[in-house]
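Q: Quick one: the structure is below, questions incoming.
Here is the structure:
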């Protein structure tokens, strides 16, 4: 609006200047028309030329406007249709979200004049059909959307992949995903990487493709470090187990980065492999590096089970960790187990007592203490500790691990006699009463 106002002021100013200049022009012009001769002033002649130019300009503009009238009408009609379809689309989407109805969308799909909006309406109908579990209707309108507007293909395919994953149909989702692999825009889409992660996690958890995807997402920070490391740990441990019995274990192990080698499940598989291949010192190093990163309870359990030759080195490592983490109960219990294996009963009891000071109601600590007393021949004290461990572990049965399964109860000390003797005694008394009657 301001620009038009300034243009008008400029035109008026030019007109005033031209008028003043023409007023001061003294000359005349003689025009011959056949036998006649007309004399007019130069100012009138220039003014007439200007007026003639303006009239011709207006006539040309009018002619162009008349010639463009059909196209302008078509544009106006298209604009009205667009406004109507946009309004219908907005109202239809509200119906879908608020009332779960798709009448407006079906009307837009059938009466719409543009393929793009028909495709959008079709895709919305497919999504609404997914909500009500109408698979046949969903697939029909989804295909219509893809056919009407190919530019919607990446979005439509991602929606279909998500639906198939929710149905547990990862194989078909993988087929659709392969069709989108060559799309450069899709490869940069975080959502697509997430869907790809879900697909591979369902059907190819132990594949190198899954490994590379997780590494890429971690590098680009498209996944949290905690989640990414956990999934990568599971994937790499599965791959190592798959090549556990052949010659592929060492090459795969050597291809892992330092951070990947310290992951708990990976370290467990590697430690088991090298222990079985008479390389227990290497297994110790692998477990130690992983425990330096994180004190994992499963790793500590594996760490304390070793040969007599490795007891001393592993005990030194545990003691060094205890200096940094003096109140770590799992470390204290690991130190106690290593001391028990070395025959250092007093030191083992000291570590267990320290663990109970930090965590007084730890069933595992009482069980280890009972096992130690049992090995020392203190049966009564062992039974007392095991009874406490049993009472504390009722809410958490996984506390008692496989290597610490309780031994069968000693029934020889039952004051009422052996179970078989009591049964025989009951039978004899019952028969005696029958004979008397």
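Residue numbers (full-length UniProt numbering): 1 to 437. Every residue, glycine too, gets a C-beta built ideally from N, C-alpha and C. On a predicted model such as this, the values are computed, not experimentally measured, just so you know.
Could you pull out every residue in the same chain whose Cβ sits closer than 8 Å to the Cβ of residue 196, ignoring the five residues on either side in sequence?
A: By one-based count along the chain shown, residue 196 stands at place 196. Here the set comprises 177, 213.
Q: Answer with buried or exposed for residue 116, where buried requires no fewer than 16 other C-beta atoms within 10 angstroms of its C-beta.
A: Residue numbering aside, residue 116 sits at position 116 when the chain shown is read from its first letter. It counts as exposed.
Q: Skipping 5 residues on each side, what residues in its chain have a beta carbon closer than 6 Å to that of residue 2?
A: Here residue 2 corresponds to residue number 2 of the chain shown, with the count starting at 1. No residues qualify anywhere along the chain.
Q: Within 10 Å of its beta-carbon, does residue 364 have 16 or more other beta-carbons around it, so buried, or fewer, so exposed?
A: Within the chain shown, numbered from 1, the residue matching residue 364 stands at position 364. With 16 or more other Cβ atoms within 10 Å, it is buried.
Q: Do you know how far the Cα of residue 203 is from the Cα of residue 133?
A: What you label residue 133 is simply residue 133 of the chain shown in a count that begins at 1. What you label residue 203 is simply residue 203 of the chain shown in a count that begins at 1. So the two alpha carbons sit approximately 24 Å from each other.
Q: Need the endpoints of the alpha helix (DSSP H) that residue 223 sits in, please.
A: Taking the chain shown and counting its residues from 1, the one referred to as residue 223 is at position 223. Residue 223 -> no alpha helix (DSSP H), and no H or E assigned at all.
Q: Are the CB atoms of residue 288 and residue 317 nearer to each other than 8 Å?
A: To locate residue 288, count along the chain shown from 1; it is residue 288. To locate residue 317, count along the chain shown from 1; it is residue 317. Yes; because the gap between Cβ atoms is below 8 Å, this pair is in contact.
Q: Confirm, please, whether the CB-CB distance from residue 310 to residue 284 is below 8 Å.
A: Counting from 1 along the chain shown, the entry for residue 284 is found at position 284. Counting from 1 along the chain shown, the entry for residue 310 is found at position 310. Contact: yes.
Q: Within 10 angstroms of the Cβ of residue 298, are there 16 or more other Cβ atoms? Answer buried if so, exposed if not.
A: The residue you call residue 298 lines up with position 298 of the chain shown. Classification of residue 298: exposed, given that the 10 Å Cβ count is below 16.
Q: Looking at the secondary structure, which residues open and close the alpha helix (DSSP H) in which residue 255 lies?
A: As a position in the chain shown, residue 255 is number 255, starting the count at 1. Taken as a continuous stretch (DSSP letters only), the alpha helix (DSSP H) holding residue 255 covers 249-255.
Q: Between the C-alpha atoms of residue 63 and residue 77, what's the straight-line distance to the nearest angstrom?
A: Residue mapping note: residue 63 aligns to position 63 of the chain shown, counting from 1. Residue mapping note: residue 77 aligns to position 77 of the chain shown, counting from 1. Roughly 22 Å between the two C-alpha positions.
Q: Taking contact to mean at least 3 C-beta pairs separated by less than 8 Å, is the segment 348-358 in contact with the segment 325-339?
A: With the cut-off at 8 Å, the segment 348-358 and the segment 325-339 touch.
Q: Apart from the five residues on each side of it in sequence, which residues of its chain come closer than 7 Å, Cβ to Cβ, to residue 249?
A: As a position in the chain shown, residue 249 is number 249, starting the count at 1. Taken in chain order, the residues that qualify are 240, 243, 273.
Q: Would you report the Cα separation of residue 179 and residue 224, rounded to the nearest angstrom?
A: In the chain shown, counting from the first residue as 1, residue 179 sits at position 179. In the chain shown, counting from the first residue as 1, residue 224 sits at position 224. Roughly 27 Å separates the two Cα atoms.
Q: At which residues does the alpha helix (DSSP H) containing residue 370 begin and terminate?
A: Start at 1 with the first residue of the chain shown, and residue 370 comes out as number 370. First-last of the alpha helix (DSSP H) with residue 370: 363-375.
Q: So, for residue 174: in the same chain, excluding its five sequence neighbours on each side, which residues have a beta-carbon less than 7 Å away from its beta-carbon?
A: Position 174 of the chain shown, counting from 1, holds the residue named residue 174. For residue 174, where only same-chain residues beyond five positions count, the Cβ hits under 7 Å are 199, 203.
Q: Helix, strand or coil for residue 148 per DSSP?
A: Within the chain shown, residue 148 is the residue found at index 148, counting from 1. In the structure shown, residue 148 sits in a helix (DSSP, three-state: H, G or I).
Q: Count the other C-beta atoms from every protein chain shown that fall within 10 angstroms of the C-beta of residue 306, then say buried if there are 16 or more, exposed otherwise.
A: Residue 306 sits at position 306 when you count from the first residue of the chain shown. Label assigned to residue 306: buried.
Q: Can you name the start and end residues of the alpha helix (DSSP H) that residue 180 belongs to?
A: Against the chain shown, residue 180 aligns to sequence position 180. 170-180 is the extent of the alpha helix (DSSP H) around residue 180.
Q: Going by DSSP in three states, residue 350 sits in which element: helix, strand or coil?
A: In the chain shown, counting from the first residue as 1, residue 350 sits at position 350. Helix at residue 350.
Q: Pick helix, strand or coil for residue 12, following the three-state DSSP scheme.
A: Within the chain shown, residue 12 is the residue found at index 12, counting from 1. Of the three classes helix, strand and coil, the one that applies to residue 12 here is helix, per DSSP.
Q: Could you please give the first and the last residue of the uninterrupted alpha helix (DSSP H) stretch that includes residue 310?
A: One-based indexing of the chain shown puts residue 310 at position 310. Where residue 310 is concerned, the enclosing alpha helix (DSSP H) stretches over 308-324.
Q: For residue 354 and residue 332, which I take to be in contact (beta-carbon distance under 8 Å), what is that distance rounded to the nearest angstrom?
A: Counting from 1 along the chain shown, the entry for residue 354 is found at position 354. Counting from 1 along the chain shown, the entry for residue 332 is found at position 332. The Cβ separation is near 5 Å, so the contact holds.
Q: Mind checking residue 138: buried by the 16 CB within 10 Å criterion, or exposed?
A: Counted from its first residue, the chain shown places residue 138 at position 138. Under this definition residue 138 is a buried residue.
Q: What do you get for residue 131, buried or exposed, if any count of 16 or more other CB atoms within 10 angstroms of its CB means buried?
A: Numbered from its first residue, the chain shown carries residue 131 at position 131. The residue in question, residue 131, is exposed, as its Cβ has fewer than 16 Cβ neighbours within 10 Å.
Q: Count the other CB atoms, across all protein chains shown, that sit within 10 Å of the CB of residue 136; report buried if there are 16 or more and exposed otherwise.
A: Within the chain shown, the letter at position 136 stands for residue 136. With fewer than 16 Cβ atoms within 10 Å of its Cβ, residue 136 is classed as exposed.
Q: In this structure, how does DSSP classify residue 65 when only helix, strand and coil are distinguished?
A: As a working mapping, residue 65 is identified with position 65 in the chain shown. Three-state DSSP puts residue 65 in a helix.
Q: Less than 8 Å separating the beta-carbons of residue 141 and residue 161?
A: Taking the chain shown and counting its residues from 1, one reaches residue 141 at position 141. Taking the chain shown and counting its residues from 1, one reaches residue 161 at position 161. Not in contact: residue 141 and residue 161 (Cβ atoms no closer than 8 Å).
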